[in-house]
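> Okay, here's the structure, questions in a sec.
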Amino acid sequence: MASDQFLMEATGKGDLEAFEEIVRRYQTWAWRTAYRFLGREEDAADVVQDAFIRLLDAAGRYRPTAKFKTYFCRIITRLCLDRVKKKKPLYVETIPESPDPRLGVADVMMRAETAAAVRAALDRLPPNQRIAIVLRYYEELNYEDIASALETTPKAVERLLARGRERLRTILGARDGFSFP
Amino acid sequence: MLSCVKNRKRLGAYLDGELSGGEKASVERHLQRCESCRSVLSDLKKLEPLLFTVEVPSVPDNLISRIRAVARGRQKQRIGASTSGWWWRAWAAQPWATKNATVAALILGLAMGTYMGLTSYRDGDPAQQRPTASKNEPLYALDALSAAPEGSIEAATLALLENGR
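From first to last, the protein sequence lines stand for chains A and B.
The opening residue of the first sequence carries number -16 in the numbering used here; numbering runs sequentially from there.
The opening residue of the second sequence carries number 379 in the numbering used here; numbering runs sequentially from there.
Now the structure itself:
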């Protein structure tokens, strides 16, 4: 299987098939990251499209100084943050697509309510805290990779995550056994 | 001993496995003695399952085809830009072509300026023309290019100053 670096270099030379392979490999990851941050399908689709096209445009200048995923993550992060600067994201209730058949109706409704509350809480976080939370929890990036994506330091990422977590605890309140000191 | 304030700032990094060996041991010693910080740590651990209640819809069906269409359009533009007007770019890339074009532009500019000066001078007020016309006069028509040609505001100003002395 060709490496990401090889595919990027081929894309830079005009190989569209190489670019389409990159899209196939990273489409789901890019979509998930953008959607979790933005909370709206339309916004996430625009960001993902822009991100891949930027990859295409930059392929001729690409130099593998960092892991490809980190490089792409930086592009997605920048686009997500720019998007929220232009407009306030609206939160949308998220109903599970295929509810667990073992759960009763009441459980499904409660899960949907919890998901909506969490989505609303995420949307209330300042953008930098929100993206740090998304990259840490959902993408399981370490502090160094998050720092690279945000173009900051690991220490700054630690602070962003600490504030983001504290804020989520406060917003979510006394749910599911949360308690305050 | 680590204070609660300092300890709580590190609980996230402790959960994430991002503390050094010494820092981790320090946090664990504090947690053994502090129920309040243990409660905060327990709350932080509950965040993760809560965050995963937010489901993500599938990638939209038309997203990939949209990306593909834009990419192909970009490629066509690049191919078009690289082949059209090739003969012009090949000529313009020659160093002698740039120099000659600059010289030609300068000569043309001077010629146009001279012509405009000549025509504006000849079209001026007949009363201002010199009474003794001679075949050498057209040479002096270059006066139109001077700082204070006849009939100009500058010439009138100079005349006023002269008369005022």
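Don't be surprised by glycine CBs; every beta carbon is placed ideally from N, CA and C.
None of the values given here were measured: they were computed from a predicted structure.
When you check each C-beta in the region 419 to 432 of chain B against every C-beta of chain A, which residues fall closer than 9 Å?
Per Cβ criterion, the list reads S420, D421, L422, K424, L425, E426, P427, L428, L429, F430, T431 and V432.
> What in chain A is Cβ-close to A403/B, meaning under 8 Å?
Neighbours of A403/B on chain A: none; closest Cβ ~18 Å, over 8 Å.
> How many Å lie between S381/B and H408/B at the Cα?
C-alpha separation (whole angstroms): 8 Å.
> Straight-line CA distance for A482/B to G491/B?
Distance between the alpha carbons of A482/B and G491/B: 14 Å.
> Have a look at E532/B and S498/B and give me their C-alpha separation to the nearest angstrom.
Those two C-alpha atoms are separated by around 16 Å.
> Going by DSSP, what residue range makes up the alpha helix (DSSP H) through D421/B?
E413 to L429 is the span of the alpha helix (DSSP H), which, as asked, contains D421/B.
> Give a yes or no on whether the minimum CB-CB distance between G(-3)/A and chain B is below 8 Å.
Yes, G(-3)/A counts as interfacial toward chain B.
> What three-state label does DSSP hand L394/B in the structure shown?
The residue you asked about is not Leu; residue 394/B is Asp in the sequence shown. D394/B falls in the coil class under three-state DSSP.
> Is the CB of F51/A under 8 Å away from at least one CB in chain B?
By this cut-off, F51/A is not an interface position.
> For D394/B, return the contacting residues in chain A, with the cut-off set at a CB-CB distance below 9 Å.
Within 9 Å Cβ-Cβ: R119, N125, Y126, E141 and L144.
> Between the region 443 to 460 of chain B and chain A, which residues of the former have a C-beta closer than 8 Å to a C-beta of the latter?
Under the 8 Å Cβ criterion, the region 443 to 460 of chain B contributes R444, I445, R446, V448, A449, R450, R452, Q453 and R456.
> Just how far apart, CA to CA, sit M(-16)/A and A(-7)/A?
Approximately 14 Å between the Cα atoms of the pair.
> Taking only beta-carbon atoms, is G390/B less than 8 Å away from chain A?
With 8 Å as the cut-off, G390/B counts as an interface residue toward chain A.
> Take E426/B as the anchor and find which of E122/A, S131/A, A28/A and R8/A has the nearest alpha-carbon.
The shortest C-alpha separation from E426/B is found at E122/A.
> So, does the CB of T97/A fall closer than 8 Å to a CB anywhere in chain B?
Closer than 8 Å: yes.
> Tell whether a beta-carbon distance below 8 Å holds between E141/A and G390/B.
A contact, by the Cβ cut-off of 8 Å.
> Quick one: which chain A residues come within Cβ less than 7 Å of K384/B?
Those do not exist, as K384/B stays about 12 Å from chain A at its closest Cβ, beyond 7 Å.
> With C-beta atoms as the reference, is A89/A less than 8 Å away from I59/A?
No, these two residues do not count as a Cβ contact at 8 Å.
> So, L(-10)/A versus I5/A, is the Cβ gap smaller than 8 Å?
Cβ distance < 8 Å, so L(-10)/A and I5/A count as in contact.
> List, in chain order, every chain E residue whose beta-carbon is nearer than 9 Å to that of I36/A.
Absent here is chain E; the protein component of the structure consists of chains A and B.
> Quick one: Cα of A115/A to Cα of I129/A, how far?
If I take the Cα positions, the gap works out to 7 Å.
> Between the beta-carbon of G(-3)/A and the beta-carbon of Y45/A, is there less than 8 Å?
Taking 8 Å as the Cβ cut-off, G(-3)/A and Y45/A do not qualify as a contacting pair.
> Go to E141/A, then tell me how far its alpha helix (DSSP H) extends in each direction, as first and last residue.
P137 to L155 is the extent of the alpha helix (DSSP H) around E141/A.
> Closer than 8 Å by beta-carbon distance: list the chain A residues that pair up with T441/B, in chain order.
Position check: residue 441/B holds Leu in this sequence, whereas Thr was assumed. Going along chain A in sequence order, the residues near L441/B (Cβ under 8 Å) are Q10, W14, A28, V31 and Q32.
> Report yes or no: do three or more beta-carbon pairs, one from the region 96 to 109 of chain A and one from the region 39 to 54 of chain A, lie closer than 8 Å?
No, they do not touch.
> Beta-carbon of F2/A versus every beta-carbon of chain B: anything under 8 Å?
Output row for F2/A: interface = yes.
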